[in-house]
Amino acid sequence: MTPAPTLPSSRRAFAILITLTAGLAIWLRTCELGRENFWLDEICSMISSAGHFDELSALPRNSIIPAPPNLARLTETSTPAAIWSGQKADIHPPLYFLLLRGWRALWGDSELAVRIFSICCSLLAMILLALVVRESAGGRAALLTLLISAVAYGDLEIAREARQYALAMTLICGSFLALLRLERLEAAKQLSSRPGWLWLGAYSALLLAAMLTHYFSILVLLGHPLYAGVRFRGGLLKRWAFAVVIGGGIYGLLWGDALVHQLRHNAEATGWLLEQDPHHVGNCFIRLGNLPVRLLWQQSFGSNLSLTQLAGGVALLLSLACLLFWKKPSGTLLFWIWYVLPATALLLLDIFTQRGTLGHSRYVVFALPGLIGLISLALQRWPTWCQTLAMTLLLMGTYIQLHYPLRNFPDSRSAAEKIDSALQPDTLLIFDGSGSFDWLAMEMFLNCWYYLPHPPAAVLISPLPPSDEVQKQFVQYQQLIILNQELRPPEYPALQQFEWLGQTEVLRQLGPIYLFIKK
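So in the working numbering, the last spot in the sequence shown is 546, and the numbers never skip.
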């Protein structure tokens with residue numbers, strides 16, 4: 028591999044640029060970070076890291092639960108073994124939740140404290156990606172990589188929530204860095220030295236950790252055999268294959284049985300991604316085409332199927348292809364694999380399973396470093412004024428479209444406060460999904476229950492209107508509090524025995540809260 032070029036001559040200017048970039052990245056990731064309450068997936072992270080996800084899955088639907096516990100709180104039973112075994116009821120691997128358990132024990136459970144873990148991972152991933160680019164194209168391209176990573180919308184999105192995507196991104200970037208370091212050591216005839224064995228062990232460990240963090244990591248890691256098959260020969264190829272076998276073998280021993288168990292109910296758990304549109308295949312290709320724009324600037328410009336996004340994304344990819352294959356800088360193959368493979372894999376997955384995965388940037392965000400690497404390699408061949416202009420346009424685009432919060436958070440804390448103020452003895456809380464997808468009722472329950480301090484109430488989680496048998500039990504309670512996203516009071520037959528006292532304003536993603544008291 029071609030030796031990495033040296034840093035710019037003015038080290039002071041380079042240090043200033045690095046400092047400003049780091050400050051910008053930190054500010055964008057921490058601005059108003061703790062203002063919004065957790066959303067559903069983050070609450071599930073809290074439950075998983077407390078080792079209670081299997082208990083969550085076992086909560087009954089359509090029957091009254093006398094006193095459901097708050098499963099997100101850390102207790103004496105929140106052990107690593109409980110987290111490991113509890114994740115078998117989920118569709119995610121356990122590593123992130125094991126690490127989050129330790130982070131919570133150190134820094135607490137506030138929204139700010141928990142989300143900072145993802146920010147730390149995101150910043151580390153930026154550094155690792157810059158090192159990968161530096162191995163391929165030198166210090167100037169690495170600096171461009173840091174600038175783009177600091178403001179890329181997809182990176183900001185995963186950095187500001189308590190989910191495993193930022194950790195997986197860090198491990199993936201680390202694995203690519205180890206791959207290039209092994210190639211460089213082989214070129215220097217130092218693969219058999221102590222650093223060579225250390226990097227080989229680190230590479231195997233990073234593969235294992237990435238696969239234990241998120242399953243979509245595997246879509247990116249499958250690019251390693253493609254790269255190694257083209258670039259590696261002889262002893263390097265054998266040792267690389269040995270490291271892969273070791274990492275994969277340990278993964279199979281540790282998590283293989285749980286993976287098989289999760290696959291059995293994966294289709295049910297991801298049913299909300301199903302798309303019934305007759306133009307599904309065309310939509311998938313449009314999402315693939317506009318992916319670069321969505322990853323760099325915004326998850327959607329009004330619609331995931333925007334033709335403006337499609338034109339912008341295709342134009343960006345075509346220009347990158349022309350520039351890179353014309354100039355042929357080192358690293359072009361690696362970054363094309365890094366971007367194209369996961370994006371194409373998800374395209375095929377969506378087409379054949381009728382899913383809309385590509386419409387959600389967090390599921391394909393692991394392709395973002397490949398896209399950033401391609402842009403950096405192209406820009407570093409341009410004159411300085413062109414690089415400055417491109418970075419200015421990127422920053423302006425980010426500023427124009429960046430609005431906090433990045434996600435539409437539910438009014439969970441407000442709902443919990445209203446419910447808590449209305450609670451009386453013998454109260455039944457009903458979370459009615461109104462016939463929508465199965466998880467809607469559970470989502471409303473988790474959003475509110477997490478923020479209730481000491482909820483002394485029975486609960487009914489009902490994806491459908493309660494059955495007649497269940498409604499007969501309502502007379503045991505003096506008060507009913509019903510969450511239903513319909514904008515009118517529910518009309519159960521049993522409610523004829525109760526007096527409607529009123530309702531709250533419409534709460535974001537939850538709907539109104541209806542209060543009934545026994546006549």
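By construction, the Cβ of each residue, glycine as well, lies at the ideal position given by its N, Cα and C atoms.
Residue range of the unbroken alpha helix (DSSP H) whose run includes residue i
{"i": "Ala-265", "result": "It should be noted that the sequence gives Lys, not Ala, for residue 265. Unbroken alpha helix (DSSP H) run through Lys-265: 261-291."}
{"i": "Asn-474", "result": "466-476"}
{"i": "Phe-362", "result": "359-380"}
{"i": "Leu-404", "result": "395-406"}
{"i": "Asn-97", "result": "First-last for Asn-97: undefined, no H or E at that position."}
{"i": "Asn-310", "result": "307-316"}
{"i": "Lys-499", "result": "From DSSP, Lys-499 is part of no alpha helix (DSSP H); its letter is neither H nor E."}
{"i": "Lys-216", "result": "From DSSP, Lys-216 is part of no alpha helix (DSSP H); its letter is neither H nor E."}
{"i": "Gln-428", "result": "411-428"}
{"i": "Ala-169", "result": "166-178"}
{"i": "Glu-444", "result": "439-449"}
{"i": "Tyr-519", "result": "Where Tyr-519 is concerned, there is no enclosing alpha helix (DSSP H), given that its DSSP letter is neither H nor E."}
{"i": "Val-392", "result": "Careful: Val-392 lies outside any alpha helix (DSSP H) and carries neither H nor E."}
Whole-angstrom distance between residue j and residue i, CA atom to CA atom
{"i": "Leu-450", "j": "Gly-78", "result": "29 angstroms"}
{"i": "Gly-329", "j": "Arg-321", "result": "With a pLDDT of 43 at Gly-329, under the threshold of 50, the modelled position of that residue is not reliable, and the figure given next carries that caveat. The alpha-carbon atoms of Gly-329 and Arg-321 are separated by roughly 11 angstroms."}
{"i": "Gly-397", "j": "Asn-435", "result": "28 angstroms"}
{"i": "Leu-133", "j": "Leu-263", "result": "41 angstroms"}
{"i": "Arg-221", "j": "Ala-99", "result": "44 angstroms"}
{"i": "Ile-171", "j": "Leu-183", "result": "For clarity, residue 171 is Leu in the given sequence; the question names Ile instead. Distance between the alpha carbons of Leu-171 and Leu-183 is about 17 angstroms."}
{"i": "Asn-474", "j": "Ala-255", "result": "46 angstroms"}
{"i": "Asp-459", "j": "Leu-487", "result": "8 angstroms"}
{"i": "Ser-489", "j": "Arg-128", "result": "31 angstroms"}
{"i": "Leu-479", "j": "Ser-439", "result": "9 angstroms"}
{"i": "Leu-126", "j": "Asn-97", "result": "21 angstroms"}
{"i": "Glu-444", "j": "Trp-466", "result": "23 angstroms"}
{"i": "Thr-547", "j": "Gly-309", "result": "Within the shown structure, residues of the chain are numbered from 28 to 546, placing residue 547 beyond reach of any answer."}
{"i": "Pro-121", "j": "Tyr-278", "result": "12 angstroms"}
{"i": "Arg-437", "j": "Ile-185", "result": "The sequence shown places Pro at residue 437, rather than the Arg named in the question. Cα to Cα, the separation comes out at about 18 angstroms."}
{"i": "Gly-274", "j": "Leu-345", "result": "36 angstroms"}
{"i": "Asn-317", "j": "Leu-337", "result": "4 angstroms"}
{"i": "Glu-565", "j": "Met-471", "result": "Past the boundaries of the shown model lies residue 565; the chain is included only from 28 to 546, so the question cannot be answered."}
Counterpart residues of residue i in DSSP-defined beta bridges
{"i": "Asp-22", "result": "Since the first residue shown for the chain is 28 and the last is 546, residue 22 is missing from the structure and cannot be characterised."}
{"i": "Gly-529", "result": "Leu-542"}
{"i": "Leu-534", "result": "Gly-538"}
Contact belief for residue i with residue j at Cβ below 8 angstroms, rounded distance in angstroms
{"i": "Trp-363", "j": "Val-247", "result": "Not really, about 13 angstroms apart at Cβ, beyond 8 angstroms."}
{"i": "Gly-250", "j": "Leu-368", "result": "5 angstroms"}
{"i": "Ser-202", "j": "Leu-361", "result": "The pair is not a contact, with the Cβ atoms about 12 angstroms apart (cut-off 8 angstroms)."}
{"i": "Ser-179", "j": "Leu-323", "result": "First, the amino acid is wrong: residue 179 is Ala here, not Ser. Rounded, the Cβ-Cβ distance is 5 angstroms, consistent with contact."}
{"i": "Gln-506", "j": "Phe-543", "result": "7 angstroms"}
{"i": "Leu-239", "j": "Ala-205", "result": "With 8 angstroms as the limit, Leu-239 and Ala-205 do not qualify as a contact, their Cβ atoms being about 17 angstroms apart."}
{"i": "Ala-485", "j": "Ile-91", "result": "5 angstroms"}
{"i": "Gln-191", "j": "Tyr-123", "result": "3 angstroms"}
{"i": "Ile-45", "j": "Leu-173", "result": "7 angstroms"}
{"i": "His-430", "j": "Gln-381", "result": "Actually they are not in contact, since the Cβ atoms of His-430 and Gln-381 sit about 32 angstroms apart, beyond 8 angstroms."}
{"i": "Pro-319", "j": "Leu-343", "result": "5 angstroms"}
{"i": "Leu-376", "j": "Val-391", "result": "No, Leu-376 and Val-391 are not in contact; Cβ-Cβ is about 10 angstroms, not under 8 angstroms."}
Where residue i sits in the DSSP three-state scheme
{"i": "Thr-102", "result": "coil"}
{"i": "Gly-383", "result": "coil"}
{"i": "Trp-134", "result": "helix"}
{"i": "Ile-92", "result": "strand"}
{"i": "Thr-454", "result": "strand"}
{"i": "Gln-325", "result": "coil"}
{"i": "Arg-337", "result": "The amino acid occupying residue 337 in the given sequence is Leu; Arg does not appear at that position. Note: Leu-337 maps to helix in three-state DSSP."}
{"i": "Gln-114", "result": "helix"}
{"i": "Leu-301", "result": "strand"}
{"i": "Gln-191", "result": "coil"}
{"i": "Gln-505", "result": "coil"}
{"i": "Phe-243", "result": "coil"}
{"i": "Arg-434", "result": "coil"}
{"i": "Leu-344", "result": "helix"}
{"i": "Arg-208", "result": "helix"}
{"i": "Gly-78", "result": "coil"}
{"i": "His-251", "result": "helix"}
{"i": "Gly-181", "result": "helix"}
{"i": "Pro-483", "result": "coil"}
{"i": "Cys-58", "result": "coil"}
{"i": "Pro-107", "result": "helix"}
{"i": "Glu-63", "result": "coil"}
{"i": "Leu-156", "result": "helix"}
{"i": "Leu-86", "result": "coil"}
{"i": "Pro-120", "result": "coil"}
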